[in-house]
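Novice: Provided herewith is a single structure, encoded as structure tokens, for subsequent inquiry.
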Amino acid sequence: MLFLVRSLIEYFEAAAGRRRPTLLLKNARIVDVFTGSVVEGNLEIYKDRIIGLTKRVRDADLVLDVKGHYLLPGFIDSHIHIESTLLVPQQLARLLIPHGVTTLMADPHEIANVLGVRGVRLLVEMSRMSKIRVFVQVPSRVPTAPGLETTGAVLEDRDVEELLREESAVSLGELNYQNILRDPGYLRRVEAALKLGKRSNGHMAGVVEEDFVNALASAVLTDDHEVVSGDEAFVKLVRGVAVMVREGSSERNLTDVVKGLVGRLRDYRQLMFCTDDKHPTDILREGHIDYNVRKSIEEGLDPIVAVQMATINPATYFRLDHLIGSLAPGRKADVLVVDSLEKLGIRTVVFDGETVYHEGRLMFEVPRVELPEWARNTVRVNQGLKAEDLVVKVGSESRKALVRVIGVIPGQILKKELREWLGVRSGVVIGDVGRDIIHIAVVERHKGLPNVGKGFVRGFGLKKGAIGSSVSHDHHNIVVVGVDPLDMYVAVRRLSEIGGGFVAVMGGEILAELPLEFAGLMSTRSYEEVVERLNRLEYIARHVLGLSLPNPFMQLEFVSLPSVPEIGITDRGLVVDYKLVDPVIEVYR
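So for the sequence shown, the UniProt record's numbering puts the first residue at 1; every next one is plus one.
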């Protein structure tokens, strides 16, 4: 506290002219997100804080003439899983800073499902060593589907409350309605967050009925990032549920939501942007929150409103507007210098008062990341696993079977429950490549158990071979899809050998792989190497294995998720409406 008081005295003295600013951005057009106006002038910074928005020009340790360019607050991602970028925070900062992203509201429930509380703390500690600000949405449901999946860890009420008390925590992470319906005791965690003055994030995928939204809002779940249309957004907004407009790799919701709201609202304060889950290849190719801003403007949103949704709106929602989200005195000095409001064109990024990106060049270095052994060796596949364990079996006298099929929807994480007749050979139900129906299996990898969930999936377009991943939401067991069960088996074994990651297999050979040695979720390699390997994997999947699905590995990660309608698959089996079901409905002899 004494340090804080001394700092406040320094900021006061600098603003009053008794100390030199450490950085002056002069001749700027400053976007004021409070009034929605643009103010011409200069921005004064002392150490990590903004101390003045002024017409005067005075001496500073460093002066940057921005020559009439716009100044914006640093962008905020209102809901992200760092683990889904496949990068450790230090490397993620290198990737995001050029896109103007300076703050993340991160829910680390992926690492929590594998390594529990100490995994969360390790990721948060890494974030503190990076050039990006990370606030934590404390995982509320680990596991996501109790009794229906095996995870590497469980977070009890006491663990959640302990994490909520930490300085970096801003909210209770996404809580889905199925958990509350099955066990109202989850609301104890909401109560703990409320007592600490923190938000509780919602996960309302597929919830559009007014009464149901009323019920969830009454349980003080005050936001949703699963909205897929303007109509759904409106139903939730009028009930006090803030909407995080999402554009990830396989969650492409922005266009439908923004188009459905433009011209319909007079107040956009309850809207903000998020990416949720976005691979580094997509970030490098199209952008991050900067992409959301540009895309929204293209869809008809006012540029100032789009900037507010990326800055002051999330800051205010998470009760951090005294600290971030605007270019006002006393706030953190997170500043973007851009060419225009419509196209952005980010020239310079200041983070915490330090110039970290300028004219296409990062201004900081990242040391090599060393992992503790317990965070590295997390993939333990049962040694007795065989290829025949990965397929659906029926009686040897059967000729065909009516089975449940997971129907993948390109660009969405929602899945459809389909029903199809498939042939049977020697008691094994076989896929049908001609109808785009292939095998899927989920293999337990946390404890070496013999659990294998198996079934069929449509939508990948795979013609041969198999692809596999140790990233599979939210349980993060190994998920593999393929035409040939032997290739699927090879994929599982290779993932076990490399400590997790992605693989592509054909004819028993590994064609490409990306090791994710940190909990089987992230790589400690540079983002450039991760992008290169991921690009090769996707090239092989498309041009050698014949796969047609966009973002195939991100889609693979979500096909197993049991908490998103209508169907999922875990190491325990197929899940429909939070119940385990048999993949085989009927057999024909």
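For glycine and all other residues, C-beta sits at the position ideal for the given N, C-alpha and C.
(1) From which residue to which residue does the alpha helix (DSSP H) around E162 run?
(2) Alpha carbon to alpha carbon, what distance is there between L516 and R361?
(3) What's the gap between the Cα of E191 and the Cα of S200?
(4) Hey, how far is the Cα of D432 from the Cα of V403?
(5) Taking Y317 as part of the alpha helix (DSSP H), name the residues at either end of that continuous run.
(6) When the Cα of G119 is compared with those of L254, R376, M506, which residue comes out closest?
(7) Should G384 and P450 be called a contact, given that it needs their Cβ atoms to be closer than 8 angstroms?
(8) Any idea what DSSP makes of R572, helix, strand or coil?
(9) Give the straight-line distance between the Cα atoms of W421 and K400, rounded to the nearest whole angstrom.
(10) Would you give the residue range spanned by the alpha helix (DSSP H) that K176 belongs to?
(11) Rounded to the nearest angstrom, how far is the Cβ of D582 from that of E149, given a contact under 8 angstroms?
(12) Count the other CB atoms, across all protein chains shown, that sit within 10 Å of the CB of S340; report buried if there are 16 or more and exposed otherwise.
(13) Would you tell me roughly how many angstroms separate the C-alpha atoms of V66 and V338, rounded to the nearest one?
(14) Assuming T102 and F75 make a contact with CB atoms under 8 angstroms, what is their CB distance in whole Å?
(15) What is the DSSP secondary structure of D183, counted as helix, strand or coil?
(16) From E532 to R425, what does the alpha carbon distance come to, in whole angstroms?
(17) Any idea what DSSP makes of K26, helix, strand or coil?
(18) Rounded to whole angstroms, how far is the Cβ of A153 from the Cβ of N113, which I believe are closer than 8 angstroms?
(19) Based on Cα-Cα distance, which residue from K343, L344, R331, R368 lies nearest to F351?
(20) Is it the case that the CB of K198 approaches a heavy atom of the ligand FMN more closely than 7 angstroms?
(21) Beta carbon of V483, beta carbon of G465: below 8 angstroms?
(22) Is the number of C-beta pairs between the region 92-108 and the region 130-145 that are closer than 8 angstroms three or more?
(23) Rounded to whole angstroms, what's the CA-CA distance from A491 to V429? Just pull it up for me.
(24) With three or more C-beta pairs closer than 8 angstroms as the rule, is the region 540-558 touching the region 452-464?
(25) State buried or exposed for S249, treating a residue as buried only when at least 16 other CB atoms are found within 10 Å of its CB.
(26) Rounded to whole angstroms, what is the Cα-Cα separation between V207 and K393?
(27) I'd like the span of the beta strand (DSSP E) that includes M554, first residue to last.
(28) Tell me which residues share the same chain as E161 and place their Cβ nearer than 8 angstroms to its Cβ, disregarding the 5 neighbours each side in the sequence.
(29) Can you have a look at L574 and say buried or exposed, based on whether 16 or more other CB atoms are within 10 angstroms of its CB?
(30) Could you name the residues of the same chain whose beta carbon sits closer than 7 angstroms to that of L216, not counting the 5 residues immediately before and after it, in chain order?
(31) Going along the chain, which residues of its own chain have a beta-carbon closer than 6 angstroms to the beta-carbon of T348, five neighbours each way excluded?
(32) Please determine, among L122, A145, H79, R266, the residue with the shortest C-alpha to C-alpha distance to E174.
(33) Report the three-state DSSP secondary structure of V505 (helix, strand or coil).
(34) Any idea what DSSP makes of S249, helix, strand or coil?
(35) Thinking C-alpha only, which one of I437, G427, I409 is nearest R419?
(36) Inspect the CB distances between the region 230-245 and the region 261-278 and report whether three or more fall short of 8 angstroms.
Specialist: Answer, in terms of the structure:
(1) On the sequence shown, residue 162 is found 162 positions in, with the first residue counted as 1. Per DSSP, E162 belongs to the alpha helix (DSSP H) from 157-164.
(2) Your numbering for residue 361 matches position 361 in the sequence shown. Your numbering for residue 516 matches position 516 in the sequence shown. Each residue's CA atom was taken as its position, placing R361 and L516 some 27 angstroms apart.
(3) Taking the sequence shown and counting its residues from 1, one reaches residue 191 at position 191. Taking the sequence shown and counting its residues from 1, one reaches residue 200 at position 200. Computed Cα separation, rounded: 9 angstroms.
(4) Counting from one through the sequence shown, the residue named residue 432 turns up at place 432. Counting from one through the sequence shown, the residue named residue 403 turns up at place 403. When rounded, the distance between both Cα atoms is 12 angstroms.
(5) Within the sequence shown, the letter at position 317 stands for residue 317. Residues 312-317.
(6) Position 119 of the sequence shown, counted from the start, is the residue given in the question as residue 119. Relative to G119, the option among L254, R376, M506 whose CA is nearest is R376.
(7) By 1-based counting over the sequence shown, the position of residue 384 is 384. By 1-based counting over the sequence shown, the position of residue 450 is 450. A contact, by the Cβ cut-off of 8 angstroms.
(8) What you label residue 572 is simply residue 572 of the sequence shown in a count that begins at 1. Reduced to three states, the DSSP call for R572 is coil.
(9) Locating residue 421 in the sequence shown gives position 421, counting from the first residue. Locating residue 400 in the sequence shown gives position 400, counting from the first residue. Just so you know, the alpha carbons of W421 and K400 end up roughly 7 angstroms apart.
(10) In the sequence shown, the residue the question calls residue 176 occupies position 176. The question names Lys, but residue 176 is Asn in the sequence shown. Run containing N176: none in the alpha helix (DSSP H); it sits in the beta strand (DSSP E), 169-176.
(11) Stepping through the sequence shown from its first residue, residue 582 is reached at position 582. Stepping through the sequence shown from its first residue, residue 149 is reached at position 149. In this structure D582 does not touch E149 by the C-beta definition: roughly 17 angstroms separates them, more than the 8 angstroms allowed.
(12) Mapped onto the sequence shown, residue 340 falls at position 340. So S340 ends up on the exposed side.
(13) In the sequence shown, the residue the question calls residue 66 occupies position 66. In the sequence shown, the residue the question calls residue 338 occupies position 338. Here the C-alpha atom of V66 lies approximately 9 angstroms from the C-alpha atom of V338.
(14) Within the sequence shown, numbered from 1, the residue matching residue 102 stands at position 102. Within the sequence shown, numbered from 1, the residue matching residue 75 stands at position 75. Indeed they touch by this definition, with Cβ atoms about 7 angstroms apart.
(15) Counting from one through the sequence shown, the residue named residue 183 turns up at place 183. Here DSSP, grouped into helix, strand and coil, assigns D183 to coil.
(16) If you number the sequence shown from 1, residue 532 lands on position 532. If you number the sequence shown from 1, residue 425 lands on position 425. If you take the alpha carbons of E532 and R425, they lie about 40 angstroms apart.
(17) Residue numbering aside, residue 26 sits at position 26 when the sequence shown is read from its first letter. Look at K26 here: in three-state DSSP terms it is strand.
(18) Translated into the one-based positions of the sequence shown, residue 153 becomes position 153. Translated into the one-based positions of the sequence shown, residue 113 becomes position 113. Correct: roughly 7 angstroms between the Cβ atoms.
(19) On the sequence shown, residue 351 is found 351 positions in, with the first residue counted as 1. With distances taken between Cα atoms, F351 lies closest to R331.
(20) By its list of ligands, the structure shown contains no ligand whatsoever, and the ligand FMN lies outside what it can speak to.
(21) By 1-based counting over the sequence shown, the position of residue 483 is 483. By 1-based counting over the sequence shown, the position of residue 465 is 465. A Cβ-Cβ contact shorter than 8 angstroms links V483 with G465.
(22) These segments touch.
(23) Residue 491 sits at position 491 when you count from the first residue of the sequence shown. Residue 429 sits at position 429 when you count from the first residue of the sequence shown. The straight-line gap from Cα to Cα measures roughly 20 angstroms.
(24) Counting Cβ pairs under 8 angstroms, three or more are found: they touch.
(25) Against the sequence shown, residue 249 aligns to sequence position 249. Its Cβ being crowded by 16 or more others within 10 Å, S249 is buried.
(26) Indexing the sequence shown from 1 puts residue 207 at position 207. Indexing the sequence shown from 1 puts residue 393 at position 393. If I take the Cα positions, the gap works out to 35 angstroms.
(27) Walking along the sequence shown from the start, residue 554 turns up at place 554. Element bounds for M554: not the beta strand (DSSP E) but the alpha helix (DSSP H), 552-558.
(28) The residue labelled residue 161 in the question sits at position 161 within the sequence shown. Cβ neighbours of E161 beyond the five flanking positions: R189, A192.
(29) What you label residue 574 is simply residue 574 of the sequence shown in a count that begins at 1. It counts as buried.
(30) Position 216 of the sequence shown, counted from the first residue, corresponds to residue 216. Here the set comprises Y177, G202, M204, V207.
(31) Stepping through the sequence shown from its first residue, residue 348 is reached at position 348. V337, H358.
(32) Walking along the sequence shown from the start, residue 174 turns up at place 174. Checked all of L122, A145, H79, R266; the closest Cα to E174 is H79.
(33) Numbered from its first residue, the sequence shown carries residue 505 at position 505. DSSP places V505 in strand when its eight states are reduced to three.
(34) Taking the first residue of the sequence shown as position 1, residue 249 is located at position 249. Secondary structure of S249 (DSSP, three-state): coil.
(35) Your numbering for residue 419 matches position 419 in the sequence shown. Of the listed residues, the one whose Cα sits closest to R419 is I437.
(36) Below 8 angstroms, enough C-beta pairs join the region 230-245 and the region 261-278 to call them touching: three or more.
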